[in-house]
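One point on numbering: in UniProt numbering, the residue at position 24 of the sequence shown is 24, and numbering is uninterrupted.
Quick reminder that beta carbons are idealized off the backbone N, C-alpha and C, glycines included.
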Amino acid sequence: MKSKQITHEEELFHNLFMEYYPSLLSFARYYVKDETIAEDLVQDVFVKMWELREQWKGVENFSAYIYQMVRFRCFNYLRGEKLREEMMRSYKEEKLSIVEINQYIEEEIFRLVNQAMDSLPSTYKQVITLTLEGYRVKEIAEKLNVGEETVKKRKQAAKQVLKEKLGKLYVFLLPLI
Numbered sequence: 001m002k003s004k005q006i007t008h009e010e011e012l013f014h015n016l017f018m019e020y021y022p023s024l025l026s027f028a029r030y031y032v033k034d035e036t037i038a039e040d041l042v043q044d045v046f047v048k049m050w051e052l053r054e055q056w057k058g059v060e061n062f063s064a065y066i067y068q069m070v071r072f073r074c075f076n077y078l079r080g081e082k083l084r085e086e087m088m089r090s091y092k093e094e095k096l097s098i099v100e101i102n103q104y105i106e107e108e109i110f111r112l113v114n115q116a117m118d119s120l121p122s123t124y125k126q127v128i129t130l131t132l133e134g135y136r137v138k139e140i141a142e143k144l145n146v147g148e149e150t151v152k153k154r155k156q157a158a159k160q161v162l163k164e165k166l167g168k169l170y171v172f173l174l175p176l177i
C-alpha cells in the first residue's frame, strides 16, 4: 500500500491548526459557553480556511483574520440559536393558546349542556341523569318505580328537548344518552 506524500501546503496548514486551535477554542468558548459547540465552530472555520486557502495566503495579519472568522462564526451560531429559541417559544405560546381555547370550548359545551339539562322537567332529567350514569332502561324503571315503556318515552322526549335546546351541540351528548 502506497503512503500519501504530505504536501508543503498541508504541512503548513497542519502547523497553523496545531498553533491556533487551542487559543481559538478558548476564544469560541467565551462566546458560546459550550465546549462541544465551540469545538465544532472552530473546526468549521478551519475547514473553511482549507477550502479558501488560496484567498488567505495574501492576508497580512493572519492571526487577526482567523480570530475574526471564529468570532463571526460564533455570532452566526448564536443568532441562529436565538432565532430557534424564539420560534420554539412562539410555537409553545401558540400551542398553549390552542390548549386554552380547547379548554374554553369544552367548558362552554359543558355549561350549555348543563343549562339544557336543568331546563328539562324533573322526570325527564332523572331519566337522562341515570342514563348518563350508566344505568339501563330496566334499572332506571326499577329505581323510579315506573314501567320500562315510561322510561323509554321520557328518555325520547328528553332527547327531543335537548336536541331543540342544544342544536348542533346535541351531537356531543348523543353518544352518551
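Which listed residue (the options) has its alpha carbon closest to that of residue i
i, options, result
"aspartate 44", "Lys155, Leu169, Val146, Val70", "Val70"
"phenylalanine 17", "Arg53, Val127, Ile98", "Arg53"
"aspartate 40", "Gln55, Pro22, Trp56", "Pro22"
"glutamate 35", "Cys74, Val59, Leu12", "Cys74"
"phenylalanine 13", "Trp50, Tyr30, Ser122", "Trp50"
"proline 121", "Gln160, Ala64, Met87, Glu86", "Gln160"
"threonine 150", "Glu9, Gln126, Gly134", "Gln126"
Contact under 8 Å by Cβ, residue i with residue j
i, j, result
"leucine 112", "leucine 166", "yes"
"tyrosine 77", "valine 32", "yes"
"leucine 25", "valine 42", "yes"
"methionine 128", "lysine 152", "Note that residue 128 corresponds to isoleucine in the displayed sequence, not to methionine. Result no, Cβ atoms of isoleucine 128 and lysine 152 do not sit closer than 8 Å."
"leucine 130", "lysine 143", "yes"
"isoleucine 101", "leucine 169", "no"
Residue burial classification, residue i (beta-carbon count within 10 angstroms, cutoff 16)
i, result
"leucine 132", "exposed"
"methionine 117", "buried"
"tyrosine 104", "exposed"
"alanine 28", "buried"
"alanine 158", "buried"
"alanine 38", "buried"
"tyrosine 124", "buried"
"tyrosine 20", "buried"
"residue 184", "This structure leaves residue 184 out entirely; the chain is present only between 1 and 177."
Proximity test, residue i beta-carbon vs the ligand SAM heavy atom, cut-off 7 Å
i, result
"lysine 48", "Absent from the structure shown: the ligand SAM. Ligands present: none."
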